[in-house]
Structure formats: C-alpha cells, structure tokens
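Colleague: Sharing a structure with you now.
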Amino acid sequence: MRIRTDGKFTYREELVDDVADLLDENTRVGAVEASCEFTQAMLPALAKAVEHEDMTEELAEILSTRAVDVEYEISTGVNVRDA
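For the sequence shown, this note's numbering gives the first residue as -12, with consecutive numbering after it.
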C-alpha cells in the first residue's frame, strides 16, 4: 500500500509522523496500523458511550473529531389522541 504525500497531500506525512509520536510507534507503518486498530475499537465504544446515562451534549462535542461526529440529543414529545 502506498500513501500519496505529494502536492495537496503533503500534510499526510506530518500527520502520520505526529500519530506515530502520540502512539509511541517507531515506524509510519506502525502508526497507520495502530490508528486502524484504535479506530476499529473506538467507533463501537463511542456508539456505546452515547447511550450511557452520563453522556451530555458537551461530552459528545468533545469526543467529536474532523472525521467522526458524535451527536447526543435528548428529545421528548407528547402525543394527544382524539377521544
């Protein structure tokens, strides 16, 4: 697999290097693999977190990223039937 880092994709090189540092990975391949594993585990965890009783709109906003939007909204309603 190759990742383009030329032209408009030059930011990717710094992005992967930053992730490697954050995840304490020694190689770019390790950074990409660790990111994939993290995402694979984190998305289901976020879906579960949204259902937790302590979730708030503020926490959902904090957990959101450029790629993943976590939304939490409490909605209520009343339906009145004709007698």
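Backbone N, C-alpha and C define an ideal beta-carbon position, used for all residues, glycine too.
Pull up the distance between the alpha-carbon of L46 and that of T(-3), whole angstroms please.
Modeller: Their backbone Cα atoms lie some 32 Å apart in a straight line.
Colleague: Exposed or buried, V55, counting other C-beta atoms within 10 Å across all chains shown (16 or more means buried)?
Modeller: So V55 ends up on the exposed side.
Colleague: Counting only the same chain and skipping the five closest in sequence on each side, list residues whose C-beta sits under 8 Å from that of R(-9).
Modeller: Closer than 8 Å at the Cβ level, and outside the excluded window around R(-9), lie R(-1).
Colleague: On the criterion of 16 or more Cβ atoms from any shown chain inside 10 Å, does A7 qualify as buried, or is it exposed?
Modeller: Flag for A7 reads buried.
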